[in-house]
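The structure appears right after this line, and notes come after that.
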Amino acid sequence: IGPIFAKEVAAVAPVASAAKVPVIAFSSDPSVAGNGTYLLSFLAGQDVARVISHATANGKRNFAALIPEGPYGRVLDGAFKEAVQTAGGRIIAQHTFPGDANGMLEPVRKIKEAIEQARGSGTPIDALFMPAGQDSLPTLAPLLPVNNIDARSIKLLGTSDWDFANIGREEVLNGGWYPAPDPRGWNEFVQRYSAAYKATPPRLAS
Numbered sequence: 001i002g003p004i005f006a007k008e009v010a011a012v013a014p015v016a017s018a019a020k021v022p023v024i025a026f027s028s029d030p031s032v033a034g035n036g037t038y039l040l041s042f043l044a045g046q047d048v049a050r051v052i053s054h055a056t057a058n059g060k061r062n063f064a065a066l067i068p069e070g071p072y073g074r075v076l077d078g079a080f081k082e083a084v085q086t087a088g089g090r091i092i093a094q095h096t097f098p099g100d101a102n103g104m105l106e107p108v109r110k111i112k113e114a115i116e117q118a119r120g121s122g123t124p125i126d127a128l129f130m131p132a133g134q135d136s137l138p139t140l141a142p143l144l145p146v147n148n149i150d151a152r153s154i155k156l157l158g159t160s161d162w163d164f165a166n167i168g169r170e171e172v173l174n175g176g177w178y179p180a181p182d183p184r185g186w187n188e189f190v191q192r193y194s195a196a197y198k199a200t201p202p203r204l205a206s
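In this text, residue positions in the sequence shown follow my numbering: the first is 1, and each later residue adds one.
Here is the structure:
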């Protein structure tokens, strides 16, 4: 009988795990950033802090707010409270509103009542924060004059969600403040894009 040859089973080295691919996201929620995910967007906290600090720098101290319901609204809510506290202001009244027009009526009415009560108590509301976007702002804004909320005595504040075409058509919003990039950069980009592709770019393209 011939010799028996023992064959050693060699351990196979594990296959190296695939390298993580960095991801660029357009989310406005800072909690999703990190571990290879980068955000290319205006974060709600920065956006809100910017407009609130501008308002307090211009003498606004007592704030009311109409904030949309949902996850994004909760991010805005936290950013608003932190920004007002940091700026040394006070939140007198705050209510959330749903996306449908009928659902907006009651929150606006409650804000009107809060404005009247604050005026009567000697701490009038200086500014009303409304971080609504193009999908809801054209419905929400007209409810202010309907409820006799005077935008001439209460400064309206928004976020960069207000930065859409034809926002000036809503008369009540004229004179409101919101943070946004210099429009000259966007206008120049539109011209270059239109010349190259013979079409108008979507707002996110810039």
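The beta-carbon is built from N, C-alpha and C at its ideal position, and this holds for glycine as well.
Discussion item. So if DSSP puts Gln94 in a beta bridge, which residue, or which two residues, is it bridged to?
Written reply: Ala65
Worksheet item: Three or more C-beta pairs closer than 8 Å, one from the segment 105 to 122 and one from the segment 78 to 85: is that the case here?
Response: no
Item to complete: Excluding the 5 residues preceding and the 5 following Gly88 in the sequence, name in chain order all residues of the same chain whose CB lies nearer than 8 Å to its CB.
Response: Thr56 and Arg61
Fill in: Cβ distance (whole Å) where Leu140 is taken to contact Met104 below 8 Å
6 Å
Worksheet item: Can you tell me the Cα-Cα spacing of Gly111 and Pro98, whole angstroms?
Response: Contrary to the premise, residue 111 reads as Ile rather than Gly in this sequence. Distance between the alpha carbons of Ile111 and Pro98 is about 15 Å.
Discussion item. How far does the alpha helix (DSSP H) with Leu137 in it extend, from its first residue to its last?
Written reply: Leu137 to Leu140
Discussion item. Taking only three categories from DSSP, how would you classify Phe43?
Written reply: Before going on, a small fix: residue 43 reads as Leu here, not Phe. In the structure shown, Leu43 sits in coil (DSSP, three-state: anything other than H, G, I, E or B).
Worksheet item: Ordered along the chain, which non-local residues of its own chain (more than five positions away) have a Cβ less than 7 Å from that of Asp29?
Response: Val75
Practice prompt. Return the CA-CA distance between Ala64 and Ile91, expressed in angstroms with no decimal places.
Written response: 6 Å
Discussion item. Looking at the strands, I want to know which residues DSSP matches up with Trp177.
Written reply: Leu157
Worksheet entry | Simplified DSSP state of Thr37, which is helix, strand or coil | strand
Fill in: Between the CA atoms of Ala180 and Asp163 - distance to the nearest angstrom
7 Å
Worksheet item: Counting along the chain, where does the beta strand (DSSP E) carrying Leu128 start and finish?
Response: Ala127 to Phe129
Item to complete: Could you pull the start and end residues of the alpha helix (DSSP H) that Ala151 belongs to?
Response: That residue, Ala151, is in no alpha helix (DSSP H); it is neither H nor E in DSSP.
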